[in-house]
Structure formats: C-alpha cells, structure tokens
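Data block below; observations after.
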Amino acid sequence: MLKRYKFAVLFALLLFLPMSSLQSSTIDELKDKIQDREKQISDIESEIASYQKTLDETEKKASTLNNEIIIRDTRIKKINADIRLTESNIKKAELVIETLILEILDKEQKITDRKATLAELIRTIHELEGETLIEIFLANEQISDFFGDVEYLQNLDSAIQANLMNLKDLKTILENEKELNEREKSKLSTLRSDFSARKTIEENIKKDKAALLKKTQQEEAKYQQLLDEREKARAEIIAEINEIEEQLRLLIDPSQLPPKGTKVLAWPVEDPFITQGYGYTVFAVKRSDIYQGKGHNGIDFRASIGTPILAVADGVVVDTGNTDLTCLGGSYGKWIVIKHSNNLATVYAHLSLINVKKGQEVKKGESIAYSGDSGYTLGPHLHFTVYAANTLRFAPSPSGRCRYQPYGGPIDPLDYLPSI
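Structure representation (structure tokens):
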C-alpha cells in the first residue's frame, strides 16, 4: 500500500505542475501592459492617418508658399507622430520579449519537473512490476485491493505514454516561444534603428523649411521665381537623362537578363501601391514637359516620408549620392544603386535618408533607406528603376548642372517583380 500511495502522489504531481502564482501574476500584468500599448498605438495610427489626409489634400492644391509651409509643418507633425508610434512599438516589443522570457522559463521548469517525476514514477513501477501476481495477491488483505493494484499496473503504461506526449508538446511550445523571442528581438532592433532615423529625418525637414523661408524671405513672388528656376533646370536635366538612356538602351542584351516573369525581385516597400508605371503612362504622356516624350524610366511607389525602403534582392551597393547638392530639386535627390548577380541593377531615388554605403553587401528585404521627396517630385514617393547592369554608368549631366548621377538602359521593373 505504501508503494501504491507513493505512486498516487507522483501521478498527481505529474498531472498538475502549475506555474508559480507569482510568475503567473507577473505575466498577466505584462499582458495588460501590452494591451494598453496596443491601444496607444492605435490612437497614434489614427493621428498619423489624419495628418496624411491633410497632406494628400494640400499637395493637390496650387504651388504657393503658404501651401508649401502648411505641407512642411504637417510633415513635421506626421514624422513626430511616426517617432512616437515607433517608440510605442519599441515599448510593446520589450514587453512581449519580457513576457516570452518568463513563459520560456516556466516551460523549461515544467519540463525539468515532469522529467524528474516521470523518472521517479518509472522507478516505482519497476519495483511494483518486480512482484508476481501471487505476491501482490498475498500482500493484500482483500480481493478488491488486489484488483486495485493490478488495475494500477495496467493503466500505468498508458498514463506514462500520455504524459510523455505532453512532455513532447511542452518542448514544441518551448521551441516556438524561443523562435518568436528571436523574431521579436530582431523586430526590436529594427524599431530602434527606425526611431533614430526618423529623429534625423525630422531635423532635416525642419532645416529644409528654415532654408526655404530664408531663400524666399517669406515672399510669394520669390517663391514662384524659385519654382520657375527649378522647373527650367529640371526640364534640361530630364532631357539629358532621356537622351543618354536612349543610347544605353541599345546596349541591352536580353539573352544576358533573367527571363521575364521569373519574379527574381521582391517589392522595395511593404504593402506596395504603384502610383505610376513604366514607360508611356497616362501621366508621362500628359506631362510631356517632364518626360520629353520619352516615357517614365521606372515605376513610382506610394511612400510617405520615413517609409523604410528595402533591397529587392541580394547585391552590392555600387554607389550612393545626392543630386540636390549640385542641382537642387532637379533630379533624383538622394539615391542608391545596387548591382545584383543576375545582371540587373536597381535604383532607389527621392530618399530622405540612406542607410548603406558604397561597396556594402545587402540582403533581399534589408532596410537600405527611408523614402522622401528629395530631388524633383510632386510629392513624397519612391522612384524605382531597373537597369541592365552592363549598361550602368555614373557621370555628370552634360550641362554640368548635376555633377554625378546614375544612368543606364532601363527595363520594365514589373518584368521581374512579384504579381500585384
């Protein structure tokens, strides 16, 4: 009866290995804090959406100094909200990681306890199984006790097997929680990088606004004169780009390129929305003053200032630059060119901040920059061009307005991007 009692105690322990009340309470508190953060995140997202609506409406209006100031002020408010959103997401990620660590520790302790209890149970049953049925029968005063002991022996194997399966499930949950923990750590690292970058972008927007006010002396006539000068420079630069790329297009060898439709490139932004396609789009035809009848040499993606820009494939950064240093508002602004192993080269333009350097190796999906409205734009977006890598060139514009920018034989990016 002593062994039977010992078995009953061990079996009860095996079935009921609860988390400590203190640890359980801590996890519940953390989950409550996560819910509070999620509510805060939702509120900030609504605020950001409101700012974006204001920007969308104002950017459609006539180009006046007053509207430009409203746009820049709203962008500052929006990027500030983006910063607060990133900060809240960082706090949430930290809470999630803290919760996962406690849950991992709990699973590890449960596994250790269950293993120890199972081992003791098996030892106890081994002792019981060493007795013959005659010995068990003689050891019991009543026949009902004998059949009770036999029933214990018969049910034990299935009980142990069931708990071994439970142990296996615990290990699976533990591994899943560890993997999730690593993903959350990676997300946290990205969020911290985004936070730092958006602080820099906010400062740059403020500096740009101050520079504009200084240059125009807050006078509408001077602002319109500035726009006219930029339009003239931009038209000349675009004409030069088109002429050079018409010649470079002749160097494209289709046999050296990946087959069309192979989807060798990923999207350069999350949740992609194309605002202008490649070639002779309606906008390119309508705005012949911009495209000079040559069509659009890439595709444009909707991307508000501060949107992370991603490498579309593994590759090496051939170069980066900023045309605004020599031809302000006339060309690509801040740009990156990446060369890939499949004889494609990709260009990312109108950026607000660049994360990579010349010669750096990048991986598909890696954040390389943040979108903006540098160079010539009618609003923040990402301009994305694909060149045949053998046609890639870097040179000043023939007029000398832009001292250094990329050129190449352009290819329709949709030939290699995923289906929409």
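Note that the sequence shown covers residues -24 to -1, 1 to 396 in mature numbering (1 follows the signal peptide of the UniProt record, and there is no 0). In this text, a Cβ means the ideal position worked out from N, Cα and C, and glycines have one as well.
- Cβ neighbours of residue 245 within its own chain (closer than 7 Å, five residues either side excluded): 277, 279, 283, 285, 286, 358.
- In this structure, residue 78 sits away from residue 241, with a CB-CB distance that is not shorter than 8 Å.
- Rounded to whole angstroms, the Cβ separation of residue 76 and residue 153 is 6 Å, and the two are in contact under 8 Å.
- With a cut-off of 8 Å on Cβ pairs, the stretch 204 to 212 is in contact with the stretch 292 to 311, counting three or more such pairs.
- In the DSSP assignment, residue 198 falls within the unbroken alpha helix (DSSP H) covering 196 to 225.
- Under the 10 Å beta carbon count, residue 335 is surrounded by fewer than 16 other beta carbons and is classified as exposed.
- Measuring C-alpha to C-alpha distances from residue 48 to each of 200, 356, 226 identifies 356 as the nearest.
- The beta carbon of residue 177 lies closer than 7 Å to those of 55, 281, 282, 328, 329, 346 in the same chain, with the five residues before and after it left out.
- In this model, residue 218 and residue 179 are separated by some 34 Å (Cα to Cα).
- Residue 146 and residue 137 have their C-alpha atoms some 14 Å from each other.
- With a threshold of 16 other beta carbon atoms within 10 Å, residue 4 falls short and is exposed.
- In this structure, DSSP gives residue 229 a state outside helix and strand, which the three-state scheme calls coil.
- For residue 304, the three-state secondary structure derived from DSSP is coil.
- Residue 363 sits in a strand when the DSSP states are folded into three classes.
- In this structure residue 25 is exposed. Its beta-carbon is surrounded by fewer than 16 other beta-carbon atoms within 10 angstroms.
- Ranked by Cα distance from residue 215, the first of 193, 182, 272 is 272.
- Just so you know, the alpha carbons of residue 197 and residue 191 end up roughly 12 Å apart.
- A residue is called buried when at least 16 other Cβ atoms come within 10 angstroms of its Cβ; residue 389 meets this threshold and is buried.
- With contacts defined by Cβ atoms closer than 8 Å, residue 296 and residue 333 form a contacting pair.
- Residue 225 and residue 383 have their C-alpha atoms roughly 10 Å apart.
- Closest by C-alpha distance to residue 62, out of 313, 298, 17, 86, is 17.
- As computed with DSSP, residue 382 is found in a beta bridge with 370.
- Remark: C-beta atoms of residue 163 and residue 69 approach each other more closely than 8 Å.
- A distance of 8 Å or more separates the beta carbons of residue 275 and residue 370.
- Assigned with DSSP and collapsed to three states, residue 392 falls in coil, not helix or strand.
- Boundaries of the beta strand (DSSP E) around residue 298: 291 to 298.
- Taking C-beta separations shorter than 8 Å and ignoring five residues to either side along the sequence, the partners of residue 354 in its chain run 35, following chain order.
- Residue state for residue 176 is assigned as helix, using DSSP reduced to three classes.
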